[in-house]
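Trainee: Questions regarding the structure given below will be posed in turn.
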Amino acid sequence: MLDLGYVREHLDAIEKMARDRGITLDLAPFREIDAKRRELIRMVEALKATRNKESHAIGILVGGAEALGDSPDSKVQKALAIEKIQIMKGISDDIKAQDVTINDLDERLKQFLLTVPNIPHASVPVGKSAADNVEVRRWGAPPKFDFKPRPHWEIGEGAGILDFQAAVKIAGARFAVYKGLGARLERALANFFLDLHTREHGYTEILPPFLVNTASLTGVGQLPKFAADMFHIEGTDLWLTPTSEVELTSLHRDETLDADKLPEKVCAWTACFRSEAGAAGKDTRGIKRQHQFQKVELFKFTRPEQSYDELELLVKNVEVVLQRLGLHYRVMLLCTADMGFASAKTYDIEVWLPSSGDFMEISSCSNTEAFQARRSGIRCKQKAGKSEFVHTLNGSGLAVGRTWIAIAENFQQADGSILIPEVLRPYMGVDRIPPAST
RNA sequence: GGAGAGGUGUCUGAGCGGUUGAAAGAGCUCGCCUCGAAAGCGAGUGUUGGGGAAACCCAACCGUGGGUUCAAAUCCCACCCUCUCCGCCA
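Note that the first sequence covers residues 27 to 464 in my numbering.
Below you can see the structure in the form of structure tokens.
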């Protein structure tokens with residue numbers, strides 16, 4: 027959410043943002059509601075000031091009359107109080123009526139602000155689609171095969187480590203059952219990621235709830251706009267988390283942090299759940315796009331002035347994972363049209379996939395600046411200074427299921443086996459997954 | 001799920017219809033004192049919104065949301081959360 031005062035004073039910047047992001051945003055209602063609201067606030071607050079003064083005076087009169095007992099003076103004071111009460115009744119009714127109107131305007135203003143996306147940072151390229159994203163760098167090289175590399179679902183089913191039929195029985199489409207060394211590979215990856223980030227990169231491991239409430243989702247910007255993309259638990263205020271970015275942001279919701287202790291770096295392994303509404307027919311084969319997947323998320327609470335340096339460091343932390351695994355990847359700077367709702371600047375890390383001969387998104391690292399912090403009420407304060415909103419950063423480090431795909435495809439052998447990268451072997455206990463492992 | 005207790009400022013904790021944004025204590029900041037420190041003394045110490053060039057003024061906020069009243073931290077209703085006991089349970 028953007029700051030109300032900022033929006034009011036920078037309508038031109040908001041318009042530019044909408045153009046750059048390729049969305050339509052009607053600002054006319056905003057101008058009207060905002061002006062009306064301020065006018066009414068001025069009026070009602072004057073009335074309230076009167077009410078406070080007069081109520082106080084009535085209190086003194088009533089108290090005085092009681093102290094005077096049954097004397098004539100007491101009667102005079104009582105009469106005066108009653109007269110004032112009569113007048114105040116009218117004013118009080120006016121206040122109530124105006125408060126109702128103001129609350130309605132407040133609500134409409136808030137709803138509007140909740141649907142306005144973040145303003146892209148100046149360093150973000152303006153573009154019309156994903157085609158305008160800018161490649162920043164790439165690492166490694168595509169592996170060479172003397173046979174036609176197969177897609178991961180063929181490798182997985184061939185080796186007996188993925189079972190989609192069983193998943194359909196259990197839950198339905200867009201789910202997968204991992205078996206044997208396939209399940210162990212998933213677990214090995216998650217452990218490797220967590221160990222690397224906690225032991226070498228200084229992140230604190232968090233294991234949060236996988237179910238989150240409406241307030242948490244609103245804080246990161248998932249709600250109210252993206253309700254259709256999530257699973258909601260009927261009859262409750264709980265949703266299945268779409269990303270642990272939600273939980274990690276809410277770790278400090280409505281708190282003021284000590285600025286000297288920032289940046290605070292946390293990471294979490296969680297399952298993530300997405301309804302994938304609107305993705306019908308897209309990536310239906312394999313495990314690329316599932317209703318449930320695992321992700322190790324990196325997250326930082328930073329002071330405003332350090333957030334862009336921290337974003338670069340965050341991306342580096344993610345790259346190390348792919349380098350250790352020996353996977354060819356590239357770093358893309360997303361253009362204005364391809365960025366997420368809450369983000370001011372996003373790098374995607376894309377891993378090479380031999381079966382398609384193309385790169386696949388495996389991590390997304392964003393600086394949301396104060397956008398989420400403002401919605402979530404997360405501030406920081408220097409000892410003597412004023413409190414200000416922190417900046418929040420998030421990045422996948424990495425998406426476990428998609429890394430599983432990358433391992434299977436890049437390290438597949440002609441006989442259908444999968445070679446396990448050196449760094450994963452301690453976690454796997456084997457150096458390869460055989461062609462028919464079950 | 002059943003029964004009870006409770007949610008007040010950075011913290012402890014008072015107030016339970018009328019000079020209460022909120023006693024008292026602690027903490028913190030600044031100043032005085034001191035060679036320095038402690039103690040002591042003095043002042044300050046929340047957030048949000050509205051107005052203002054500013055100083056500053058006004059309004060709202062005592063778990064959340066409603067209600068009663070001229071007036072609510074204080075009374076009423078609903079919900080949320082914490083604690084204790086019972087039941088159930090991985």
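For glycine and all other residues, C-beta sits at the position ideal for the given N, C-alpha and C.
In this text, all values refer to a predicted model and were calculated from it rather than measured experimentally.
Kindly confirm or deny that the stretch 328-340 and the stretch 402-421 touch, where touching means at least three C-beta pairs closer than 8 Å.
Mentor: Segments in contact, yes.
Trainee: May I ask which residues mark the beginning and end of the beta strand (DSSP E) holding residue 372?
Mentor: 371-379
Trainee: Thinking C-beta only, is residue 321 closer than 8 Å to residue 425?
Mentor: Taking C-beta atoms as the reference points, residue 425 and residue 321 count as a pair closer than 8 Å.
Trainee: Classify residue 113 as helix, strand or coil using the three-state DSSP reduction.
Mentor: helix
Trainee: In terms of DSSP beta bridges, what is residue 299 paired with?
Mentor: 318
Trainee: Name the one or two DSSP bridge partners that residue 291 has.
Mentor: 326
Trainee: Residue 386 bridges to which residues according to DSSP?
Mentor: 377
Trainee: Let me confirm a value: residue 539 is counted as buried when at least 16 other C-beta atoms fall within 10 Å, else exposed. Which label applies?
Mentor: Nothing can be reported for residue 539, as the shown portion of the chain is limited to 27 through 464.
Trainee: In chain order, which continuous runs of the alpha helix (DSSP H) of length 4 or greater are located wholly inside the stretch 423-449?
Mentor: For the alpha helix (DSSP H) assignment, the uninterrupted runs of no fewer than 4 residues enclosed by the stretch 423-449 are, from N- to C-terminal side, 426-436.
Trainee: Which residue comes first and which comes last in the alpha helix (DSSP H) that contains residue 38?
Mentor: 37-47
Trainee: Residue 371: buried (16+ other C-beta within 10 angstroms of its C-beta) or exposed?
Mentor: When all chains shown are included, residue 371 counts as buried.
Trainee: Let me check one thing: in DSSP terms, what residues is residue 232 bridge-paired to?
Mentor: 294
Trainee: With distances taken Cα to Cα, identify the nearest neighbour of residue 210 among 194, 187 and 85.
Mentor: Checked all of 194, 187 and 85; the closest Cα to residue 210 is 187.
Trainee: Quick one: what's residue 166 bridged to in DSSP?
Mentor: DSSP, once it has assigned bridges, lists no residue as partnering residue 166.
Trainee: Three-state secondary structure (DSSP) at residue 28?
Mentor: coil
Trainee: Tell me whether the beta-carbon of residue 405 lies closer than 8 Å to the beta-carbon of residue 414.
Mentor: yes
Trainee: Where residue 355 and residue 166 are concerned, what is the direct C-alpha to C-alpha distance, given to the nearest angstrom?
Mentor: 7 Å
Trainee: Can you list, in chain order, the residues of its chain whose CB lies under 8 Å from that of residue 388, leaving out five sequence neighbours each side?
Mentor: 348, 355, 375, 376, 377, 422, 424, 425, 428, 429 and 432
Trainee: Flag this pair as touching only if the stretch 293-307 and the stretch 443-455 have three or more C-beta atom pairs under 8 Å; answer yes or no.
Mentor: no
Trainee: How many angstroms separate the CA atom of residue 369 from the CA atom of residue 180?
Mentor: 36 Å
Trainee: Determine the closest residue to residue 149 out of 451, 143, 361 and 459, with distance taken between C-alpha atoms.
Mentor: 361
Trainee: Throw me the rounded Cβ distance for the residue 299 and residue 267 pair, which I believe falls under 8 Å.
Mentor: 6 Å
Trainee: In angstroms, rounded to a whole number, what distance separates the CA positions of residue 163 and residue 213?
Mentor: 30 Å
Trainee: Please go through the same chain and pick out, in chain order, the residues whose beta-carbon is closer than 8 Å to the beta-carbon of residue 237, but skip the five residues on each side of it.
Mentor: 259, 264, 265, 266 and 267
Trainee: Using 8 Å as the threshold, is the C-beta distance between residue 246 and residue 271 below it?
Mentor: yes
Trainee: For residue 264, report the span of its beta strand (DSSP E) as first-last.
Mentor: 264-266
Trainee: What separation, rounded to the nearest whole angstrom, lies between the Cα atoms of residue 112 and residue 125?
Mentor: Straight-line spacing of the CA atoms in residue 112 and residue 125 works out to 20 Å.
Trainee: Kindly indicate which three-state DSSP category residue 217 falls into: helix, strand or coil?
Mentor: Residue 217 sits in a helix when the DSSP states are folded into three classes.
Trainee: Quick check: the Cα distance between residue 73 and residue 132, rounded to an integer number of angstroms?
Mentor: 19 Å
Trainee: Using a Cβ-Cβ cut-off of 7 Å (strictly less than) and excluding sequence neighbours within five positions of residue 48, which residues of its own chain qualify?
Mentor: 154 and 363
Trainee: Just to confirm, is the Cβ distance from residue 43 to residue 145 under 8 Å?
Mentor: yes
Trainee: For residue 240 and residue 92, I'd like the C-alpha separation in whole angstroms.
Mentor: 51 Å
Trainee: Taking the C-alpha atoms as reference points, what is the distance between residue 316 and residue 366?
Mentor: 20 Å
Trainee: Per DSSP, which residues does residue 258 bridge with? Please list them.
Mentor: 265
Trainee: Where in the stretch 69-96 do unbroken runs of the beta strand (DSSP E), each at least 3 residues long, occur, reported from the N-terminal end onward?
Mentor: none
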